[in-house]
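J.: Numbering follows UniProt numbering, with no gaps: position 83 of the sequence shown is 83. Glycine included, each C-beta is placed from N, C-alpha and C at the ideal position. Quick one: the structure is below, and I'll ask about it shortly.
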Amino acid sequence: MGFLDRLRGRRPASGQGARGDRHGTLDRASGKADLSHVEQFVATRRGVEGYVEPRTAVTETTILLVAADGEWTRRRIAGPEVGRKLSRDLGIPVYDAQVTGYPQRMRDWSARQQDKLG
Numbered sequence: 001m002g003f004l005d006r007l008r009g010r011r012p013a014s015g016q017g018a019r020g021d022r023h024g025t026l027d028r029a030s031g032k033a034d035l036s037h038v039e040q041f042v043a044t045r046r047g048v049e050g051y052v053e054p055r056t057a058v059t060e061t062t063i064l065l066v067a068a069d070g071e072w073t074r075r076r077i078a079g080p081e082v083g084r085k086l087s088r089d090l091g092i093p094v095y096d097a098q099v100t101g102y103p104q105r106m107r108d109w110s111a112r113q114q115d116k117l118g
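Encoded structure:
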């Protein structure tokens, strides 16, 4: 809510953030391309696990997918429930990233990629 709105006693409409946007974040909403990428990643890699990450002031809720070799990708989702349902539908385990943290193989994979870049 802006300063003048506070003075006038106005409140954002239900479900709107301080700037009147739909989500209250600086990020765009999830879309079909995000869902397609998640499905493709799971279909083309083995041992994929999902980690649902909470919405922040900057980003919408995301799902981080980590393959058996540590390769990972992150995509926006419409909310934590969507991440859990999507993971069930794709037949992969899903975890709450705030509770479990991230697997070491993900950090190892990222370090190997940095080494390749020089």
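Determine the direct distance from the alpha carbon of Thr62 to that of residue 120, and round the result to whole angstroms.
T.: Residue coverage of the chain in this structure runs from 1 to 118, which leaves residue 120 outside it and unanswerable.
J.: On the DSSP bridge assignment, give the partners of Leu64 in chain order.
T.: For the purposes of this step, residue 64 is identified with residue 64 of the sequence shown, where counting begins at 1. In DSSP, Leu64 forms a bridge with Tyr51, Arg74.
J.: The beta strand (DSSP E) spanning Val58 covers which residue range?
T.: For the purposes of this step, residue 58 is taken as residue 58 along the sequence shown, with counting starting at 1. From DSSP, Val58 is part of no beta strand (DSSP E); its letter is neither H nor E.
J.: How is the alpha helix (DSSP H) around Asp69 delimited, first residue to last?
T.: In the sequence shown, the residue the question calls residue 69 occupies position 69. Segment: none, Asp69 is in no alpha helix (DSSP H) and carries neither H nor E.
J.: Using DSSP's beta-bridge definition, name the partner residues of Asp89.
T.: Residue numbering aside, residue 89 sits at position 89 when the sequence shown is read from its first letter. Bridge partners of Asp89: none, in fact.
J.: I need the straight-line Cα distance from Gly31 to Val38, nearest angstrom please.
T.: Within the sequence shown, numbered from 1, the residue matching residue 31 stands at position 31. Within the sequence shown, numbered from 1, the residue matching residue 38 stands at position 38. Near 11 Å, if we compare the C-alpha coordinates of Val38 and Gly31.
J.: Mind checking Val58: buried by the 16 CB within 10 Å criterion, or exposed?
T.: If you number the sequence shown from 1, residue 58 lands on position 58. Classification of Val58: exposed, given that the 10 Å Cβ count is below 16.
J.: Considering only C-alpha positions, which residue in the set Asp89, Pro54, Ala68, Ala43 is nearest to Arg76?
T.: Start at 1 with the first residue of the sequence shown, and residue 76 comes out as number 76. Nearest option by C-alpha distance: Pro54.
J.: Measuring straight from C-alpha to C-alpha, what distance separates Val99 and Ala67?
T.: Position 99 of the sequence shown, counting from 1, holds the residue named residue 99. Position 67 of the sequence shown, counting from 1, holds the residue named residue 67. Going by the C-alpha atoms only, they are around 19 Å apart.
J.: Figure out for me which residue from Gln40, Leu35, Gly79, Val48 has the closest Cα to the Cα of Thr56.
T.: Taking the first residue of the sequence shown as position 1, residue 56 is located at position 56. Out of Gln40, Leu35, Gly79, Val48, Gly79 has the C-alpha closest to the C-alpha of Thr56.
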